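There are 6 protein chains.
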Amino acid sequence: METYRVCQLMKDSRFEGFLMVRGAEKKTDKNGRDYVDLNLGDRTGEINAKIWNWDSLQGLPESGKPVLVRGQVQEYNGRLQMKIERWRPLNPEDSPDLAELVPAAPRTPEDMLAEIRETVKSFSSENLRKLTEEMLNMAGERLSWFPAAQRMHHAERSGLLHHTTDMLRLAKAAMEVYPWMNRDLLLAGVILHDLGKLEELKSDESGNVSDYTRDGQLLGHLVRGITLLNRAAERTGVTGETVILLEHMLLSHHGETEDGSPRPPMFPEAEALHWIDMMDARMNTMKTAWEKTPEGAFSERISSLDRRIYHPWYTDGAE
Amino acid sequence: METYRVCQLMKDSRFEGFLMVRGAEKKTDKNGRDYVDLNLGDRTGEINAKIWNWDSLQGLPESGKPVLVRGQVQEYNGRLQMKIERWRPLNPEDSPDLAELVPAAPRTPEDMLAEIRETVKSFSSENLRKLTEEMLNMAGERLSWFPAAQRMHHAERSGLLHHTTDMLRLAKAAMEVYPWMNRDLLLAGVILHDLGKLEELKSDESGNVSDYTRDGQLLGHLVRGITLLNRAAERTGVTGETVILLEHMLLSHHGETEDGSPRPPMFPEAEALHWIDMMDARMNTMKTAWEKTPEGAFSERISSLDRRIYHPWYTDGAE
Amino acid sequence: METYRVCQLMKDSRFEGFLMVRGAEKKTDKNGRDYVDLNLGDRTGEINAKIWNWDSLQGLPESGKPVLVRGQVQEYNGRLQMKIERWRPLNPEDSPDLAELVPAAPRTPEDMLAEIRETVKSFSSENLRKLTEEMLNMAGERLSWFPAAQRMHHAERSGLLHHTTDMLRLAKAAMEVYPWMNRDLLLAGVILHDLGKLEELKSDESGNVSDYTRDGQLLGHLVRGITLLNRAAERTGVTGETVILLEHMLLSHHGETEDGSPRPPMFPEAEALHWIDMMDARMNTMKTAWEKTPEGAFSERISSLDRRIYHPWYTDGAE
Amino acid sequence: METYRVCQLMKDSRFEGFLMVRGAEKKTDKNGRDYVDLNLGDRTGEINAKIWNWDSLQGLPESGKPVLVRGQVQEYNGRLQMKIERWRPLNPEDSPDLAELVPAAPRTPEDMLAEIRETVKSFSSENLRKLTEEMLNMAGERLSWFPAAQRMHHAERSGLLHHTTDMLRLAKAAMEVYPWMNRDLLLAGVILHDLGKLEELKSDESGNVSDYTRDGQLLGHLVRGITLLNRAAERTGVTGETVILLEHMLLSHHGETEDGSPRPPMFPEAEALHWIDMMDARMNTMKTAWEKTPEGAFSERISSLDRRIYHPWYTDGAE
Amino acid sequence: METYRVCQLMKDSRFEGFLMVRGAEKKTDKNGRDYVDLNLGDRTGEINAKIWNWDSLQGLPESGKPVLVRGQVQEYNGRLQMKIERWRPLNPEDSPDLAELVPAAPRTPEDMLAEIRETVKSFSSENLRKLTEEMLNMAGERLSWFPAAQRMHHAERSGLLHHTTDMLRLAKAAMEVYPWMNRDLLLAGVILHDLGKLEELKSDESGNVSDYTRDGQLLGHLVRGITLLNRAAERTGVTGETVILLEHMLLSHHGETEDGSPRPPMFPEAEALHWIDMMDARMNTMKTAWEKTPEGAFSERISSLDRRIYHPWYTDGAE
Amino acid sequence: METYRVCQLMKDSRFEGFLMVRGAEKKTDKNGRDYVDLNLGDRTGEINAKIWNWDSLQGLPESGKPVLVRGQVQEYNGRLQMKIERWRPLNPEDSPDLAELVPAAPRTPEDMLAEIRETVKSFSSENLRKLTEEMLNMAGERLSWFPAAQRMHHAERSGLLHHTTDMLRLAKAAMEVYPWMNRDLLLAGVILHDLGKLEELKSDESGNVSDYTRDGQLLGHLVRGITLLNRAAERTGVTGETVILLEHMLLSHHGETEDGSPRPPMFPEAEALHWIDMMDARMNTMKTAWEKTPEGAFSERISSLDRRIYHPWYTDGAE
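Protein chains in written order, with the working numbering: chain A, 1 to 319; chain B, 320 to 638; chain C, 639 to 957; chain D, 958 to 1276; chain E, 1277 to 1595; chain F, 1596 to 1914.
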């Protein structure tokens, strides 16, 4: 049996292979029989699955761990669903390609972190360099695998680095077009703007987010990012305008009050940060929807974009 | 007497030199005496002026032409105003530096047009190349001096080319970050997206916009741009998907229904065009406000941004 | 067995007779058995139906064709559903009354088209007459059966003509009350305002809309209508104000930017067109909801109106 | 000296003739001298005027009364202003044509009232006839000259009757197109919908509104209209559905919650009333703006419409 | 078997005891078998239940009456559901504690009514006292058990009195802080503001609301309250400012146009009434959500609040 | 000459007495003569004034200091204006009653601070007590005179304490009605919620605010308050839930995202804080407008409330 990727599964497909467990729960059906309702995924997507007639003594599949499964894909209420016929946790001799089992950034974390560290080293403002380095140190090892979101954009292993480094590239290009801006300030803003997400989301090391943290719910990453920045300022002894400029950039990067920024960007570097953030987030969301849509067709309505998407043929001959 | 630029004028400044007339009207004061109410400007700004005790037989200063004036700057209701003591139109021997008298793009039109033409030549899609070239040809010579707006952003001589070429640079950078997009389509969209403005605004050759045209009022540059594109398609014989993709990019580049785009961007190149357009327009508006604000100070509320702007010191030592 | 109309079906009704297939899809139930999920309708309404235990070798009921069915009406999750016991496609000897099987305009297309053609002949403006006639010719035979919408209002065979002719009557009445308007311009606007829908919707000849077209999605009928008008202007050689007035009427007939018109109506005939369009669309929606609601009762919430509807007793004695 | 109408006055016009005083107030100029600031008008418009060097012992021109004035039209801050040189109140021998001095409905109140009374007589529902007649009787003689608004639409002598009778004509036409509606209910709704304005506005007999009443401010004509209707119901002994249907029509005729109707129209006659009201109000506003705009030109922004208006040439030859 | 309260039930709980029927309906399952779908509740909450394999000859459980049931709690589509194994209506010898079976105000109606009557007696304004007493008399006995809403807040037996008396306490406290307000007017406003709900909602004596009345749908409790007040004014002979102040308070107590008040509060007592009403309604909604959420945890999204709720530990040691 | 208060001044009033200077600026009139444009005020209000024919060698009246003036009140463009005839700064022997010259809270700062300190002492939570005391200590002496706003509400000397103590009284009353809330948490939230304003506004000791600070513009008092709280937590060693609950209360006290709170209140004490804050702010604004409006009359539109205000007679006899 050929092993499909999840995004290739169709009604009546049969599947056998490794998949990542992304949440599993025991439930009872209408006739009082236990079953397990779980989500399974690989790098390319996710599918709901059921294990019927569950023996309650058995341990549940563990979230964030790969399993070996065999099953049949069905359609229920218009959505695909896998009926699991057999499954087991990993044996020591199993060696699934983990890179295939979770969506992940296209570059390695080491690569991306190096690019960021390089950028910081190039800062001529000592204050910005110190603050940014301290913030990166405070972020620690979790930064290497943390996603940028639960669902919206860059919801993947190392998605936060992916988002940050793509934004860095856009920001450096913007410096070519608007050379009158302060380069260090803009780049520092890019690097720091979403670090508060490390305190906002509960993610496992595969980049799978189960929920928001208490901090995330009650304060959000904008405000929590400012607290972290204040701590970094205290540790590095940096004071004055530099700190407040960065505080403002963290606070205003969502742009409008109704999008959660109580202040709009009030100097050019904050404004540029906002648009670069918007553009990179949206392009990532677009790409995900566009890749799933066949050429010449429209997607269903994408809720995060509130519209349907068209995937063009892009050829001169296309009708 | 040292010759100030307009942006340097203050209460009690005296001024003597060439200024551009940007509208002039005869009025009557409370005591029944005629006077002339006019706006004078140079590359750096604009000031209201009065010529009191006007002799009605005299010809009015002509809008869009330079004059030589001498006057005194006063403050009236909190705004600067120049009381003209003497003035005359240009003599044949006058040779004011015209580049100093109107705000203008930082590069020459020839330069910018060459960059655009170069870009079009590089398209591998023949359809996109033909359509874009035809549209540029239809735009004709006016493109070289046309502004991008009456007031909001790039309201300057050759502002439309300025806006377009800065966007081209951003778009090319975006292609580095998102190489899966169709380069020709994105770049063609950038070049064409605002050409409808040539039919929307009434501008003189100094880039000074007096009003909207009837087409501009009743249809706007998005829809008029589509009509022009249809004409170009007919002339070049291009049909099929290429045309409709560009139509959609013209229509959706304002992004949201409430911002005047009846359709949101529905494929990645249209989405990218929207953000690049937003970013470039806003950065230009920001720059104008930021340049006028002293370091360490806040501007008044900028109506096009609906906020006040801060001009940072940008130094490590700044409090 | 008495033959019910679809709007009369209740839980436990039995039905035998001809119905129109409005979409059919093969699905698999939870136990892996194939079934067919389809919608069946007549002039008065639509009901979901299931054919359980489907033999996969059999051909699916064809959308847009009548079938003869026998079944039992059940309730599932609060909605009626017909369990099909037997069905077959039409035999040559079957002669169902097609007028009973699809919702349709109350007048014949010939009648309505004649009224429109008559109106156009009466125009004293040659330009308006030429443009309107050309547009009607371009619309061609599809105009006779095209619906006005997929769901909202006049979603019926010949609904576009129904909507147009009812609006014509309102417009002629408005000319009595506001005789200072230009009659030909208003009536031409009414006739042309929705012709772009022919390029926006995918409809079969029974007036059943399966989806939006690519043009419909990417541009909408307002903008596509303008393109068609431009083509008609080119063919008839009409230029000048007349064309742009009609372009504006097409563009502004939804009234507000947030309802999809990038320009609001800017002269009286455009304003009148907008209100007549709104009123006729809403009265049709109201009528549909009101007819389904018993006297003295409230409907469920009608999503297109965002409210519940009351059907009054309308008698002096009613409590 | 030819006597101009107010709408014809231009800078430097001289004027001598009768005008209506629409408010007059004594003020002091910067040099401590008294003057009178007043508004003068005729059927066609209104102009601000000043009487300089006012002798304080003199009586002020009385609002709502005609005066004979001579003066010179000047421009101040871009607006026309009449400098009064001589003026006096009316002598017994003066006989100005009062119909020329105030804006008024095009038909006589007697005519319009007769049409309304006729309509009511034709009702087959005795309840609706009784309620409507009682409400008209309660309205009394003020109905004959009451305006429909202070500024927005039908702000003229007998404007309320003008608005009501134009709506009646539209409603009767709507009954032709939608004959399934209840005619008496719709027509009664039209006649009653704005009678609450008699308690909402302070108007003099020339239709000039000085302010809102306390009831108008605190409750508005929708709610006050319901109170009046309840009183009419009590007096006529009518109860039951008829009363509540009319209450709902009064309450919902503004259509949307944010436009001041706490309930949207919930049956067809209420829905029709709303659109007919909207259309007639807007067409009247449009007409006023359109009449003031020269052919081929755009108006300034009309605040009640939130847009500029175009007055077309309406001829085939127009460019 | 220990008897749980409804809010304590979990998957796999078994239950035996008295519950209140809150709606019951016969339905047919996919296999054509009848079953009963019903909601059962006690003072603490509500649970959906099913009686499978229903014998159609049997009478349905009666809504608003207690039954004795035995069943098993299951989970279906993520929500709890009770599978009823046995049930019967009450026997004469059954004596369930009715106070345990419906959610109810914490104080007795007698107590709360006495507090209100006491308050009214203390009014020094005779007009306000007369009007308020008449309104309370008109409300009659239903006031003692009427709820304040179907779902949002104080949806419980005597909820209207509960809401009113809590607001009275807040209003009396507000009088301490803002002693310049008119005490009698504010307190009368509190007592009267929601009495229109008696005509807006259909409630049984247990405070369970099945639907809105026709008056409730077509007019709402704000406007219907004004009609009632007018009747009380007529009966008591009270006229003048007092009546219109109360009318305005009834009309404006929702605060904003878009929340259903066509007028915002326009004097201090009306403003205070609005905030006290908002605060009490929201605190009650908050309490309900907060009680259901374990300490240290977040609730699901509460639709009436449009947010998730956190239940703090409230202790110094809590992490 | 009787000495008026500023709120009593009318056209043609003469005035002689002490007034507070609230901003003064030298300007030039149309004829090139210098004059001084200044604002003068007392406890009851503010009036614009002019000193014509200014001798430039003289020192300007100093903002925030009292002066002795004599002048005449005139009306200019519909607003009152005082023409200053004589003025001088204070002599040592002058002893104006300073309490009469600036608007101020009705109680002394000592009194209000004592009430707050007392409240804090009563906290049973040591964490809340420590944090609140530290924050009060950090606020320091400026708290005793700081206003709560530049214009909206409690714009007066000690207005911040006034607002806080009135809210404390409401909060304590709320604890009686909703005793299930955590008293210490609610009261701490009240005391701390606006302390960030000390860093947001530039105020002199008379409570007169000249502008926002850089922190105020770029971050606002909500976010700056959180930074201050973090510092207090660090100093007192308090960690855990207590800190985050207070952070959330500071952040959410404006209630809605569009009102500047990126998070809505998510537990009952935060919700109560929001409503108490709203109510107290609005009642103060209402009082100010209501006091200025004569009985039986309406105010002009109050911009901070977006409505006109009515001042009732409040008597049974009032029509």
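Each residue gets a CB set at the ideal place from its N, CA and C atoms; glycine is no exception. Note that this is a predicted model, so its numbers are computed, not measured.
At least one C-beta of chain D is nearer than 8 angstroms to the C-beta of F/R1903.
Contacts between C/L836 and chain A, judged by CB atoms closer than 7 angstroms, are missing: the closest CB pair is about 18 angstroms apart. Contact annotation for D/L1202 against chain C: P950 [CB-CB distance below 7 angstroms, chain order].
Close partners of A/E319 in chain B (Cβ separation under 9 angstroms): T558, G559, E560. When D/R962, D/W1102, D/L1203 are compared, the shortest CA-CA separation from D/K1159 is found for D/W1102.
For E/E1301, the pairing in a beta bridge is given by DSSP as E/D1313. Here F/F1718 has R1724, T1727, D1779, L1782, A1783 as same chain residues with Cβ atoms under 8 angstroms from its own Cβ, once five neighbours each way along the sequence are excluded. When 8 angstroms is used as the limit between beta carbons, E/L1494 is near these residues of chain C: Y948, in chain order. Measuring C-alpha to C-alpha distances from C/G955 to each of D/E1204, D/A1227, D/T1199 identifies D/T1199 as the nearest. The continuous beta strand (DSSP E) containing F/E1641 extends over residues 1640 to 1646. Put simply, the backbone Cα of A/H193 is about 36 angstroms away from that of E/M1555.
Two segments are said to touch when three or more pairs of C-beta atoms, one from each, lie closer than 8 angstroms; by this definition the stretch 1765 to 1776 of chain F does not touch the stretch 1631 to 1640 of chain F. Interface with chain D (8 angstroms Cβ-Cβ cutoff): E/H1497 is excluded. A/G260 has a beta carbon lying within less than 8 angstroms of a beta carbon in chain F. Sequence-distant partners of D/H1119 (beyond 5 residues in either direction) whose C-beta falls short of 6 angstroms from its own C-beta, in its chain, are A1062, H1111.
As DSSP reads the structure, B/K521 sits in a beta bridge with B/D530.
When Cβ-Cβ separations below 8 angstroms define contact, C/Q646 makes no contact with chain E. Around F/V1772, the beta-carbon contacts reaching into chain E at under 7 angstroms are D1442, R1445, L1446. Between the C-alpha atoms of D/S1115 and D/G1097 there is a straight-line separation of about 13 angstroms. Here the stretch 1540 to 1552 of chain E makes contact with the stretch 1900 to 1911 of chain F; the two share three or more CB pairs at distances below 8 angstroms. Contact annotation, E/A1450 with F/L1765: C-beta distance approximately 7 angstroms; criterion of less than 8 angstroms satisfied.
Distances from the CA of C/A786 to each of C/E713, C/E738, C/S844 were compared; the closest alpha carbon is that of C/S844. The DSSP-derived three-state label of B/H630 is strand. Closer than 8 angstroms to the CB of A/L251 there is at least one CB belonging to chain F. Distance from F/A1865 to F/S1847 at the Cβ level is roughly 5 angstroms; contact confirmed, criterion being Cβ atoms closer than 8 angstroms.
Of the other Cβ atoms in all chains shown, fewer than 16 fall within 10 Å of the Cβ of B/W371; this residue is therefore exposed.
Along the stretch 371 to 395 of chain B, there is no position whose C-beta sits under 7 angstroms from a C-beta of chain A. For C/K721, the enclosing beta strand (DSSP E) stretches over residues 717 to 727. In this structure, E/M1428 sits away from F/P1863, with a CB-CB distance that is not shorter than 8 angstroms.
For F/E1729, the enclosing alpha helix (DSSP H) starts and ends at 1721 to 1734.
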